[in-house]
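Colleague: So that we are looking at the same thing, I have put the structure below in structure tokens.
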Amino acid sequence: MARSTKVALGDDFEEFVRARQHELLRAAFLLCGDVVQAEEHTRSAFADLALHWSHLKDESPDIEVRRSLYHEPKSLRHSDAHARKVLEGLTPKDRAVAVLRHFEHRSEGETAQILGIPVGQVRTRSHLSGGVAGLLEDLAAPVAEQDFVQAAAVRADEKRRQRRRKGLAVVGVAAIVVAGAFVLPGRDGGDAQPGPGPRPSVSGSAAAEWNSNSFDLFHVTMQVGPTPDQVWSLPEIDDIVRGQLGLPPVIDFGPDTAMPTLTEIGNSSAPVRAVMLRHVDGGLRAVLFRPTMGAEPYVLVDRIPLVRNLDPDGNSSEPLEVTAIADDRRQVVFFQPNKVLVLDAFTGEVTSFAVPDSRLEQGGWSPDGLHVIAASATQRWRITPSTGAVERLAQVAYPGRYAVESGAADEMRILDFDERGATTGSQTGPRLFGGTEGATFTNDVGRLAACGFLGEAAVNGIAEVRSAGPREGVFTIDVDSARPSRLLAASGAQGESVGSCEVLGWAYNDRVLIRWNGRHLLAWNVVTGALQRVSLLPNSQDGPLAGSAGSTVALAP
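The numbers in the sequence shown follow UniProt numbering, run straight up by one, and end at 557.
Encoded structure:
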């Protein structure tokens, strides 16, 4: 399907891509050994670059596009026996060093900069002899050149659309009459900083350890989060917490993963802990993760065929919102053109509510759990499943207690909503975000968490303390108290890639669950600043292979 593109890209972007696309595609092939996967990784890397082209084109685009390409460890699938013998004994990071040094002929300094590791580590990881360069050239030679310009632009818009999700509150916010607006309290001093804590041993230098120290910026307690390598040095949640959360070390499935269907299971009161999507011929199907079902926790929802949603400009998004699961862990909502679908996971019953809006794509459950808020780019709706009522709303609405949105000059506002999702006012926040992405989640004690793109002042302020300037971060604040607000910024190398962080909910009232670097689910303690690894999620950069998982994961409240 032809799509228009929102990302403004000029001739300079086209020239840059076409001058490098063959070399990067061949490098991606050496990293994974599969042409289809290499094409997907290359397309995604150029898409990440396209999203930030306006400010990266005059800086270091060669480094940045490779940071995106090389940052995710890739499984090795080379069919060549000699290649496997040479490469399969290497870790993904060692393999990346080998390709950068012996195939792309990058310097030690450039390799260190791309991978986010010290030059000393580059030297110690360079296990391959210089003669391997010829082998790598021979392996990559058959890979034919492709044109990634248009594909990168389209993928960039898809990523922006998938991650943008500013929330329904953004629409019509100028019409809100703000009564009693106030500036949120800043730090009152003495905020505890996270200690290093016990960490598992990590090969390599101490640079693999995350620096958890905090600093003050605009009266907000700031931390720069871990790089992809440093994530592995974080401690895991313990077995007691894991059991309480109902989240296993891995929440993912592959094309060959067998799973029962909802029809086969019949009635079951097993609660839904998470919802995912699975690529099938002609579209998508929802997958329920129900850990209390034992050996077969993944259940395919065969009763609801789903398609990707399209906005007025033709940008697509997956038909699953991170706010899809109701508090009862029984009902799940899906948004499709001209209808809202509510699944009762216990009985398998699906109820369809007709909504005269072909561009529905966002929404979730209202704070009282009795209504569904649905929206497109121009319209908002309230659906009451118990009565079947469908009401078009003239005012701003949101499926949550608060929603963060940004305005001119990086001005942050926090919008208030009642139990039915209707707006009741707004408050002023710190000047941190130039734009928001994803949903705003509020816990039981009124503390919110939201992700956004950092404004210029915040980027520059962080760069003065840390050498790399992040572009995204997770903000949290207790709106009704004087407790200090916090921001966890994505590390510089990671933060150049859209979707580096996404809030997925709360674990208890002091820990927010964050999708970090696309693959990792982390728990961030908003009191101490400590981070823990929770689970591995589907790889958001994987292509839509039949049977594979989609990128969206919704966690139950």
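Beta carbons are placed, not taken as given, at the ideal position from N, Cα and C, and that holds for glycine. None of these values were measured; they are calculated from a predicted model.
(1) Flag this pair as touching only if the stretch 471–490 and the stretch 214–223 have three or more C-beta atom pairs under 8 angstroms; answer yes or no.
(2) Across which residues does DSSP place Ala403 in a beta bridge pair?
(3) Between the stretch 451–463 and the stretch 416–423, can you find at least three pairs of beta-carbon atoms closer than 8 angstroms?
(4) Check Met276 in the structure and name its three-state DSSP category.
(5) Between Leu51, Arg285, Cys451, Val474, which has its C-alpha nearest Val149's C-alpha?
(6) DSSP on Glu437, reduced to helix/strand/coil?
(7) Given a cut-off of 9 angstroms, decide if Gln395 and Ser376 are closer than it, judged by their beta-carbon atoms.
(8) Straight-line CA distance for Gln532 to Met293?
(9) Considering only the alpha carbon of each residue, which of Val122, Glu108, Glu321 lies closest to Gly505?
(10) Taking the beta carbon of Gln121 as the centre, do at least 16 other beta carbons fall within 10 Å, making it buried, or is it exposed?
(11) Just to confirm the assignment, what range does the alpha helix (DSSP H) spanning Gly243 have?
(12) Using 8 angstroms as the Cβ pair cut-off and three pairs as the minimum, do the stretch 429–436 and the stretch 403–418 touch?
(13) Using 9 angstroms as the threshold, is the C-beta distance between Ser535 and Pro297 below it?
(14) For a quick check, are the C-beta atoms of Pro367 and Arg401 less than 9 angstroms apart?
(15) Do Trp516 and Ser500 come within 9 angstroms of each other at the CB atom, strictly closer than that value?
(16) Return the CA-CA distance between Val272 and Phe16, expressed in angstroms with no decimal places.
(17) Alpha carbon to alpha carbon, what distance is there between Arg26 and Asp138?
(18) Excluding five sequence neighbours on each side, which residues of the same chain lie with their C-beta closer than 6 angstroms to the C-beta of Val333?
(19) Please return the same chain residues whose Cβ sits closer than 6 angstroms to the Cβ of Ala207, not counting the five positions on each side in sequence.
(20) Along the alpha helix (DSSP H) that carries Gln113, what are the first and last residues, could you check?
(21) Check this for me: beta carbons of Ala45 and Leu69, under 9 angstroms apart or not?
(22) Asn315: buried (16+ other C-beta within 10 angstroms of its C-beta) or exposed?
(23) Under 6 angstroms Cβ to Cβ from Arg106, same chain only, skipping five residues before and after it: list those, please.
(24) Going by CA-CA distance only, name the one from Arg125, Phe475, Pro337, Ser481 that's closest to Val445.
(25) Please indicate yes or no: does the CB of Gly550 lie closer than 8 angstroms to some heavy atom of the ligand FMN?
(26) Give me the residue from Ser54, His22, Gln21, Leu24 with the minimum Cα distance to Gly10.
(27) Going by CA-CA distance only, name the one from Arg471, Arg466, Gly246 that's closest to Gly452.
(28) Quick one, which of Asn211, Leu24, Ala98 has its alpha-carbon nearest Val143's?
(29) Around the Cβ of Glu64, are there at least 16 other Cβ atoms within 10 angstroms (buried) or fewer (exposed)?
(30) Look at Pro337 and Val299 and say whether their C-beta atoms are less than 9 angstroms apart.
(31) Could you pull the DSSP bridge partners for residue 558 from this structure?
(32) With distance defined between alpha-carbon atoms, name the residue in Ser233, Phe218, His219, Asp216 nearest to Glu209.
(33) According to the Cβ coordinates, are Asn539 and Asp94 closer than 9 angstroms?
(34) Only counting the same chain, and skipping five residues up and downstream in sequence, which positions put a Cβ closer than 6 angstroms to that of Thr378?
(35) Between which two residues does the alpha helix (DSSP H) carrying Trp53 extend?
(36) How many angstroms separate the CA atom of Ala141 from the CA atom of Val36?
Modeller: Straight from the coordinates:
(1) Yes: at least three Cβ pairs fall under 8 angstroms.
(2) Walking along the sequence shown from the start, residue 403 turns up at place 403. DSSP, once it has assigned bridges, lists Leu415 as partnering Ala403.
(3) No, the stretch 416–423 is not in contact with the stretch 451–463.
(4) Taking the sequence shown and counting its residues from 1, the one referred to as residue 276 is at position 276. Strand.
(5) Residue mapping note: residue 149 aligns to position 149 of the sequence shown, counting from 1. Per the Cα distances, Leu51.
(6) Here residue 437 is taken as the residue at index 437 of the sequence shown, counted from 1. DSSP places Glu437 within a strand segment (E or B) once states are collapsed to three.
(7) As a working mapping, residue 376 is identified with position 376 in the sequence shown. As a working mapping, residue 395 is identified with position 395 in the sequence shown. Cβ distance not < 9 angstroms, so Ser376 and Gln395 don't count as in contact.
(8) Within the sequence shown, the letter at position 532 stands for residue 532. Within the sequence shown, the letter at position 293 stands for residue 293. Across the structure, Gln532 and Met293 are spaced so that their CA atoms are roughly 26 angstroms apart.
(9) For this step, residue 505 is matched to residue 505 along the sequence shown. Per the C-alpha coordinates, the member of Val122, Glu108, Glu321 positioned closest to Gly505 is Glu321.
(10) Within the sequence shown, the letter at position 121 stands for residue 121. Note on Gln121: 16 or more other CB atoms within 10 angstroms of its CB, so buried under the neighbour-count rule.
(11) Within the sequence shown, residue 243 is the residue found at index 243, counting from 1. Start and end: 239–245.
(12) Between the stretch 429–436 and the stretch 403–418 there are three or more C-beta pairs closer than 8 angstroms, enough to call the two in contact.
(13) As a first step, residue 535 must be located in the sequence shown, where it is residue number 535. As a first step, residue 297 must be located in the sequence shown, where it is residue number 297. In terms of Cβ geometry, Ser535 and Pro297 do not form a close pair [threshold 9 angstroms].
(14) Here residue 367 refers to the residue found at position 367 when the sequence shown is read from its first residue. Here residue 401 refers to the residue found at position 401 when the sequence shown is read from its first residue. For Pro367 and Arg401, yes; Cβs fall inside 9 angstroms.
(15) Along the sequence shown, one-based indexing puts residue 500 at 500. Along the sequence shown, one-based indexing puts residue 516 at 516. Ser500 places its beta carbon less than 9 angstroms from that of Trp516.
(16) As a first step, residue 272 is located in the sequence shown; it is residue number 272 there, counting from the start. As a first step, residue 16 is located in the sequence shown; it is residue number 16 there, counting from the start. Distance from the CA atom of Val272 to the CA atom of Phe16, rounded to whole angstroms, is 46 angstroms.
(17) Residue 138 sits at position 138 when you count from the first residue of the sequence shown. Residue 26 sits at position 26 when you count from the first residue of the sequence shown. Approximately 11 angstroms between the Cα atoms of the pair.
(18) Here residue 333 refers to the residue found at position 333 of the sequence shown. Same-chain partners within the cutoff: Ala324, Val342, Val372.
(19) Within the sequence shown, residue 207 is the residue found at index 207, counting from 1. Because Ala207 sits at a pLDDT of 48, beneath the cut-off of 50, its placement in the model cannot be relied upon, and the following sentence gives the value as read from the coordinates. Result list for Ala207: Pro118, in chain order.
(20) Counted from its first residue, the sequence shown places residue 113 at position 113. Start and end: 108–115.
(21) If you number the sequence shown from 1, residue 45 lands on position 45. If you number the sequence shown from 1, residue 69 lands on position 69. Cβ distance < 9 angstroms, so Ala45 and Leu69 count as in contact.
(22) Counted from its first residue, the sequence shown places residue 315 at position 315. It counts as buried.
(23) Taking the sequence shown and counting its residues from 1, one reaches residue 106 at position 106. Only Leu100 meet the Cβ criterion.
(24) Walking along the sequence shown from the start, residue 445 turns up at place 445. When each option's Cα is compared against that of Val445, the closest is Ser481.
(25) This structure simply doesn't include the ligand FMN, nor any ligand for that matter.
(26) Locating residue 10 in the sequence shown gives position 10, counting from the first residue. Ranking Ser54, His22, Gln21, Leu24 by Cα distance to Gly10 puts Ser54 first.
(27) The count along the sequence shown starts at 1 and reaches residue 452 at position 452. Of the candidates Arg471, Arg466, Gly246, the one whose C-alpha sits nearest the C-alpha of Gly452 is Arg471.
(28) Here the question's residue 143 lines up with position 143 in the sequence shown. When each option's Cα is compared against that of Val143, the closest is Leu24.
(29) Translated into the one-based positions of the sequence shown, residue 64 becomes position 64. Buried, by the Cβ-count rule.
(30) Reading the sequence shown from its first residue, position 337 is the one you call residue 337. Reading the sequence shown from its first residue, position 299 is the one you call residue 299. Val299 is positioned such that its CB atom lies no closer than 9 angstroms to that of Pro337.
(31) Residue 558 falls outside the range modelled here, since the chain spans only 1 to 557, and no answer is possible.
(32) As a position in the sequence shown, residue 209 is number 209, starting the count at 1. Out of Ser233, Phe218, His219, Asp216, Ser233 has the C-alpha closest to the C-alpha of Glu209.
(33) In the sequence shown, residue 539 corresponds to position 539, counting from 1. In the sequence shown, residue 94 corresponds to position 94, counting from 1. Contact: no.
(34) Taking the sequence shown and counting its residues from 1, one reaches residue 378 at position 378. Excluding residues up to 5 positions away in sequence, nothing lies with its Cβ nearer than 6 angstroms to the Cβ of Thr378 in the same chain.
(35) Taking the sequence shown and counting its residues from 1, one reaches residue 53 at position 53. Start and end: 53–56.
(36) By 1-based counting over the sequence shown, the position of residue 141 is 141. By 1-based counting over the sequence shown, the position of residue 36 is 36. Their Cα atoms are separated by approximately 16 angstroms.
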